[in-house]
Amino acid sequence: MKTKDKSESSWNLSPAPESTDHIQLKKRYEHFINGKFVKPVKGKYFATINPATEVKLAEVAEGTIEDVNKAVNAARSAYENVWSVMPALERAKYIYRIARMIQERAKEFAIIESLDGGKPIRESRDIDIPLAANHFFYHAGWADKLEYAFPNKNPQPLGVVGQIIPWNFPLLMASWKIAPALATGNTVILKPAETTPLTALKLAELIQDSGLPDGVVNIITGAGETGAAIVNHPEINKIAFTGSTQVGKIINKTVAGTQKKVTLELGGKAANIIFEDAAIDQAVEGIVNGIYFNQGHVCCAGSRLFVQESIFETVVKKLKHRLESLIVGDPLDKNTDVGAINSKEQLKTINDYIEIGKQEGALMYQSSCTLPSKGNWCKPTLFLNVSQSHTIAQEEIFGPVLAIQTFRTIEEVISKANNTPYGLSAGVWTDKGSKIFNLTHQLQAGVIWANTYNKFDPASPFGGYKESGLGREGGLHGLAAYLNLK
Amino acid sequence: MSKGVKYKNEKRLEILKTYKIYIGGKFPRTESGRYYNPLDSKGNILGNICLSSRKDFRNAVVAARSASVGWSARTAFNRSQILYRLGEILEGRRAQFIEELKIQGSTSAKAEKEVNNSIDRLIYYAGWCDKYQQIFSSVNPVSSSYYNFSVCEPMGVVAIIAPEENSLIGLVSVIAPVVAGGNTCVVLASESKPLCSVTFAEVINSSDVPGGVINILTGNAKELAGHFSSHMDVNAIIYSRTDKEELKNIQINASENMKRVFYWKSDWFSVKAQNPYKIRDLQEIKTTWHPIEQIGGAGSGY
Numbered sequence: 001m002k003t004k005d006k007s008e009s010s011w012n013l014s015p016a017p018e019s020t021d022h023i024q025l026k027k028r029y030e031h032f033i034n035g036k037f038v039k040p041v042k043g044k045y046f047a048t049i050n051p052a053t054e055v056k057l058a059e060v061a062e063g064t065i066e067d068v069n070k071a072v073n074a075a076r077s078a079y080e081n082v083w084s085v086m087p088a089l090e091r092a093k094y095i096y097r098i099a100r101m102i103q104e105r106a107k108e109f110a111i112i113e114s115l116d117g118g119k120p121i122r123e124s125r126d127i128d129i130p131l132a133a134n135h136f137f138y139h140a141g142w143a144d145k146l147e148y149a150f151p152n153k154n155p156q157p158l159g160v161v162g163q164i165i166p167w168n169f170p171l172l173m174a175s176w177k178i179a180p181a182l183a184t185g186n187t188v189i190l191k192p193a194e195t196t197p198l199t200a201l202k203l204a205e206l207i208q209d210s211g212l213p214d215g216v217v218n219i220i221t222g223a224g225e226t227g228a229a230i231v232n233h234p235e236i237n238k239i240a241f242t243g244s245t246q247v248g249k250i251i252n253k254t255v256a257g258t259q260k261k262v263t264l265e266l267g268g269k270a271a272n273i274i275f276e277d278a279a280i281d282q283a284v285e286g287i288v289n290g291i292y293f294n295q296g297h298v299c300c301a302g303s304r305l306f307v308q309e310s311i312f313e314t315v316v317k318k319l320k321h322r323l324e325s326l327i328v329g330d331p332l333d334k335n336t337d338v339g340a341i342n343s344k345e346q347l348k349t350i351n352d353y354i355e356i357g358k359q360e361g362a363l364m365y366q367s368s369c370t371l372p373s374k375g376n377w378c379k380p381t382l383f384l385n386v387s388q389s390h391t392i393a394q395e396e397i398f399g400p401v402l403a404i405q406t407f408r409t410i411e412e413v414i415s416k417a418n419n420t421p422y423g424l425s426a427g428v429w430t431d432k433g434s435k436i437f438n439l440t441h442q443l444q445a446g447v448i449w450a451n452t453y454n455k456f457d458p459a460s461p462f463g464g465y466k467e468s469g470l471g472r473e474g475g476l477h478g479l480a481a482y483l484n485l486k
Numbered sequence: 001m002s003k004g005v006k007y008k009n010e011k012r013l014e015i016l017k018t019y020k021i022y023i024g025g026k027f028p029r030t031e032s033g034r035y036y037n038p039l040d041s042k043g044n045i046l047g048n049i050c051l052s053s054r055k056d057f058r059n060a061v062v063a064a065r066s067a068s069v070g071w072s073a074r075t076a077f078n079r080s081q082i083l084y085r086l087g088e089i090l091e092g093r094r095a096q097f098i099e100e101l102k103i104q105g106s107t108s109a110k111a112e113k114e115v116n117n118s119i120d121r122l123i124y125y126a127g128w129c130d131k132y133q134q135i136f137s138s139v140n141p142v143s144s145s146y147y148n149f150s151v152c153e154p155m156g157v158v159a160i161i162a163p164e165e166n167s168l169i170g171l172v173s174v175i176a177p178v179v180a181g182g183n184t185c186v187v188l189a190s191e192s193k194p195l196c197s198v199t200f201a202e203v204i205n206s207s208d209v210p211g212g213v214i215n216i217l218t219g220n221a222k223e224l225a226g227h228f229s230s231h232m233d234v235n236a237i238i239y240s241r242t243d244k245e246e247l248k249n250i251q252i253n254a255s256e257n258m259k260r261v262f263y264w265k266s267d268w269f270s271v272k273a274q275n276p277y278k279i280r281d282l283q284e285i286k287t288t289w290h291p292i293e294q295i296g297g298a299g300s301g302y
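These protein sequences, in sequence, are chains D and L.
Going by our numbering, the residue at position 432 of the first sequence is 432; the numbering climbs one at a time, nothing skipped.
Going by our numbering, the residue at position 24 of the second sequence is 24; the numbering climbs one at a time, nothing skipped.
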């Protein structure tokens, strides 16, 4: 799909769409409980839609408390009779097997991810799916080595864990949650987001094929009410949630007074800070990647840009130029940089924020690209003349919208950057080593990217300070979330 | 104090101690002007103890927040020496604490043990100040050409509801790991046995701990727990009493700004009550990425 017709440029690329011929999608998916696909007790289904074409891809089951009960029973039985008593190395081998099978089916997963969620195939192919496989591979090896991770402790699994994941990185979040839970000896009930359930259900098929014992992983589809049924279930020992801060707070209140453990990966409003002594071109690429990666549907997106005054004009000029060259359109096209907005609701949220930004006096600039007539689309957007009090500088937009501010001194930018209830991530661009360490030390955020942005790895702990969440996921530190450290 | 209530002609008149609260390195009375009278086992009044208010707590949080930057920026080695100094000064005042614990109902043997353990606990955590970072940090082998490491950072301001029993060893056991890790704190001391918490504030005040790093209030948990847990500029809260309903309410209130909540119960006399995981509880993990110029190191292909 060609989205730009620019006479001044002879560099337009011919469409290079990924073929969907070989992917296998059923018309209807049931819950995956106790190793089998089973019909929802109440018999209800809902559609999952391609946000780029508005075409229905499949129907999935709508989970209710009855379905959750069945899944909890299966997970409990699998925990007590199989998974917790299995030698740890055997557990590891199952998880390794899942990692390998994801690698083998990577292309199919990538295409379905882009179809169901709208993200560019370049990202699902090169980032989401390989990382998902790597999460299983990395964590598998921990299964029989946990006592080395926590000196003087006797780590024990928690039991049955309930996991609720968002729509921005569907398979990656599923593996990010399932892999450490399994490695630490727990069994799982996972609920994918209602707009992006397909890759999780394909993972269920893969898990079925892998021979993983029945009930160790159960996948229930549905929306908020299904999630609430999981959070409220008395037989679930731990809740792991990735999503909005608002819902995170509700979950935290719900589990108050119970024995449930909780980890939360919530929202963010990250500062991306560029100093005059930075490698400017490299930094501009980092800024673009920081906010337009995955249409800005990233909790750690660098949505607040702080530019040192002396280089403001240069940076803005380069950013606008770069904005123009972003290819917006068909997620399946290998040349696409920015895909479809995940849902109609999210598109409305983003457009509302853009409107508020304009009303509050910020100066909007958008790419002049043309958007496809069908589907959910948003032009890459940036705002100038933004101040700290502007809504678009304070609230998480979760879209391709960048709020740009300036600063003069290090003290000023640190205080502005930290002046938010969030604390998930931050970025720093400078060629001076001591300045990097000063900044990374003082910025209140769980993940700091210096001279890079939006990098992820299963070995690297991820999670926020303040209202961006509780606990870490990934790496050695993430294991603690799924263990009782006796 | 109880001895002072009866006037004896042949003895000099004892000077009664005024027990005040400790905020920002100073000993104010509660701004509310309120007091309460805890009793000893014989029913004698232990003293006129400050019944701290919400405003006292808010003042203490301001003090703790302003002390936070300086305290967390101290070198770990320096924090270690200051905690050791706390132990030193407590050692020099053993007799006073034993006496106070006895007034509060302890036996001689138990009081002596409690003071000894408290001193030893300070020395234990003093030693951890410059070591826990190495235990809990990591260099992470990411599959791309980046240098990636995770370190501990103090959470900031910690509100603590200290144990009701074991008014000295309990108090020391909840404060030491928090400040050893570079946090500052506001502590609600034992309500029924508040004497040695105020006297411990004198130890703090004469031991190089900067004002505001440790703030101690006396008063009623039922009244203050809600304020401790709902204050938006508190990063974490430790609860070490037994009321499950109070704990639940703390967890609910804490959700508003995602305070980290810890429920610390222990036999405070036991060595099992001390470990570096208590320091770790009050640490955030910060992970930093930076590119390395090693193109060949990139790639996580399969």
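All C-beta atoms, glycine included, are put in the ideal place defined by N, C-alpha and C.
- The C-beta separation of Ala340(D) from Gly290(D) comes to about 20 Å, leaving the pair out of contact by the 8 Å criterion.
- Contact annotation, Trp264(L) with Ile238(L): C-beta distance approximately 6 Å; criterion of less than 8 Å satisfied.
- The beta-carbon of Tyr146(L) is placed less than 8 Å from the nearest beta-carbon of chain D.
- For Lys222(L), none of the residues of chain D pass the 7 Å Cβ criterion, the least Cβ distance being about 17 Å.
- Secondary structure note for Arg241(L): it is in no beta strand (DSSP E), with a DSSP letter that is neither H nor E.
- Lys260(D) and Asn237(D) do touch by the CB rule: their CB atoms are close to 6 Å apart, below 8 Å.
- Residue ranges of uninterrupted alpha helix (DSSP H) with 4 or more members, entirely inside the stretch 214-270 of chain D and ordered along the chain, are 224-232 and 245-255.
- Taking CB atoms only, Tyr22(L) has no neighbour in chain D less than 8 Å away.
- Burial state of Thr187(D) is buried, judged by a 10 Å Cβ sphere holding 16 or more other Cβ atoms.
- In this structure Lys44(D) is exposed. Its beta-carbon is surrounded by fewer than 16 other beta-carbon atoms within 10 angstroms.
- For Lys286(L), the CB contacts under 6 Å within the same chain, skipping 5 residues up- and downstream, are Val151 and Glu153 in chain order.
- As a beta-bridge residue in DSSP terms, His31(D) pairs with Val38(D).
- Comparing C-alpha distances from Tyr132(L) to each of Val187(L), Gly170(L), Ala159(L) and Ala76(L) shows the shortest one belongs to Ala76(L).
- Less than 8 Å divides the Cβ of Thr452(D) from the Cβ of Trp289(L).
- By the Cβ test, the stretch 223-230 of chain D is not in contact with the stretch 113-122 of chain D, since fewer than three Cβ pairs between them sit closer than 8 Å.
- Within the same chain, no residue comes within 7 Å of Ser415(D) by CB-CB distance, once the 5 residues on both sides are set aside.
- In terms of Cβ geometry, Ile95(D) and Ala200(D) do not form a close pair [threshold 8 Å].
- Assignment of Lys265(L) by DSSP, reduced to helix, strand and coil, places it in the coil class.
- Assignment of beta-bridge partners to Arg79(L) by DSSP yields no partner.
- Nearest neighbour of Arg260(L) by Cα position, chosen from Gln394(D), Tyr465(D) and Ser303(D), turns out to be Tyr465(D).
- Sequence-distant Cβ neighbours of Arg28(D) in its own chain, meaning closer than 7 Å and more than five residues away, are Tyr45, Ala58 and Glu59.
- In terms of beta-carbon proximity, Asp126(D) stays away from the interface with chain L, with every pair separated by 8 Å or more.
- In this structure the stretch 176-191 of chain L touches the stretch 153-166 of chain L; the number of beta carbon pairs closer than 8 Å is three or more.
- Bounds of the alpha helix (DSSP H) holding Arg322(D) are Phe312 to Ser325.
- In the structure shown, Gly290(D) falls within a helical segment according to DSSP collapsed to helix, strand and coil.
- In chain order, Leu470 make up the part of chain D whose C-beta sits under 7 Å from the C-beta of Arg260(L).
- Separation of Asp130(L) and Leu203(D) (C-alpha to C-alpha, rounded to the nearest whole angstrom) is 45 Å.
- Thr409(D) is classed as exposed because its beta carbon has fewer than 16 other beta carbons within 10 Å across all chains shown.
- Within the stretch 402-432 of chain D, those residues whose Cβ lies closer than 9 Å to any Cβ of chain L are, in chain order, Pro421 and Gly423.
- Using beta-carbon distances, Glu113(D) does not count as an interface residue toward chain L, since no partner is under 8 Å.
- Note that the C-beta distance between Arg304(D) and Ala393(D) is below 8 Å.
- DSSP, reduced to helix, strand and coil, places Ser197(L) within a helical segment of the structure shown.
- If you look at His290(L), you'll find it in the beta strand (DSSP E) that goes Gln283 to Pro291.
- Nearest in C-alpha terms to Leu86(L), of all of Gly25(L), Gly226(L), Phe200(L) and Lys278(L), is Phe200(L).
- Cβ proximity to chain L below 7 Å picks out Lys249 and Asn252 from the stretch 229-252 of chain D.
- With a cutoff of 8 Å on beta-carbon distance, Gln359(D) and Phe398(D) are scored as not near each other.
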